[in-house]
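Everything in the sequence shown is counted per our numbering, starting at 1170 for the first residue and increasing by one.
Note that CB positions come from ideal geometry on N, CA and C, so glycine has one too.
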Amino acid sequence: MAVEVTVPYERSFTVNRPLAEAFTHLSDVESSIPKHFYGISEFKRLEDTSYHWIFQKLEYSSYSFQLSLKTRFEFKPSEHILMHAIPSKDDPCLLKGSWVFKDQGTGTQIVFVAEFKVSLPVPFLLKSMVTSLTQKEITKLLDRYVQHLIKTLA
1170 MAVEVTVPYE
1180 RSFTVNRPLA
1190 EAFTHLSDVE
1200 SSIPKHFYGI
1210 SEFKRLEDTS
1220 YHWIFQKLEY
1230 SSYSFQLSLK
1240 TRFEFKPSEH
1250 ILMHAIPSKD
1260 DPCLLKGSWV
1270 FKDQGTGTQI
1280 VFVAEFKVSL
1290 PVPFLLKSMV
1300 TSLTQKEITK
1310 LLDRYVQHLI
1320 KTLA
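Below, the structure written as structure tokens:
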């Protein structure tokens, strides 16, 4: 039996770059996603704006997990980037979200919102522990992503 875990995430931050430059950097997903997301071992284009993410294997105690997911991106220049989850039998994770850009004069405010869902193949008896640990680790992964963006776009 699998344990389903959902991790909502939202961070707002300001970078010292013009809106067009910040948008251009993040909308180049083939470069920006693998560069800024910790733990990605492969980021493969499937179609025009669809990608397969494969993360490094995670191991806890006697369990190991290979997180992978598929997403499709939608772009509205200088406003937002939307990320849609693509459900797949082969991938136990779903990730959806958005990056919303707002001109702040000398910089750009970016609001990053995401929802990460994962199905983990662990016994139901471990649900409480696994849920807490997964939420903590996914939040840490997303925090690292935002911190790396802030550093890169500083």
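From the options, pick the residue whose C-alpha is nearest to that of residue i; which is it?
i: V1269; options: V1172, L1195, T1303; result: L1195
i: R1241; options: K1258, F1212, L1227; result: F1212
i: F1285; options: P1261, F1182, D1217; result: P1261
i: G1274; options: R1180, A1189, V1176, Y1178; result: A1189
i: S1219; options: F1182, F1192, M1252, A1323; result: M1252
i: P1246; options: L1227, S1181, K1271, V1172; result: K1271
i: K1258; options: L1238, D1217, E1243; result: L1238
i: A1254; options: F1244, E1248, G1266; result: G1266
i: A1283; options: F1182, V1176, V1172; result: V1176
i: T1321; options: M1298, A1171, A1191, Y1178; result: A1191
i: G1276; options: P1187, E1179, T1308; result: P1187
Within a Cβ cutoff of 7 Å, which residues of the same chain sit near residue i, ignoring the five residues on either side of it in sequence?
i: G1169; result: Because the chain here runs from 1170 to 1323, residue 1169 falls outside it and cannot be looked at.
i: T1201; result: The displayed chain sequence assigns Ser, not Thr, to residue 1201. So the qualifying residues of the chain are H1194, L1195.
i: F1151; result: Residue numbering for the chain in the displayed model covers 1170 to 1323; residue 1151 lies beyond these limits and cannot be assessed.
Taking DSSP as the reference, what is the three-state secondary structure of residue i?
i: S1181; result: strand
i: T1218; result: coil
i: T1206; result: Just to set this straight, residue 1206 is Phe in the shown sequence, not Thr. Coil, per DSSP.
i: E1248; result: coil
i: E1199; result: helix
i: F1212; result: strand
i: F1234; result: strand
Determine the extent of the beta strand (DSSP E) in which residue i is found, giving its start and end residues.
i: T1240; result: 1237-1245
i: D1312; result: No beta strand (DSSP E) contains D1312, which is instead part of the alpha helix (DSSP H) from 1296-1321.
i: V1280; result: 1277-1289
i: G1266; result: 1262-1272
For residue i, which residues from the same chain have a beta carbon less than 6 Å from its beta carbon, with the 5 sequence-adjacent residues on both sides left out?
i: L1236; result: F1224, C1262
i: V1174; result: V1287, T1300, T1303
i: L1227; result: F1234
i: M1298; result: none
Could you tell me which residues DSSP puts in a beta bridge with residue i?
i: S1257; result: S1257 pairs with nothing; no bridge assigned.
i: K1226; result: In DSSP, K1226 forms no bridge with anything.
i: E1173; result: S1288
Please confirm whether residue i has its beta-carbon closer than 8 Å to some beta-carbon of chain C.
i: R1186; result: Looking at the structure shown, chain C is missing, and only one protein chain is on hand.
For the alpha helix (DSSP H) containing residue i, list its first residue and its last residue.
i: A1189; result: 1188-1196
Short of 8 Å in beta carbon distance, which residues of its chain neighbour residue i, apart from the five on each side in sequence? Order them along the chain.
i: N1185; result: T1275, G1276, L1322, A1323
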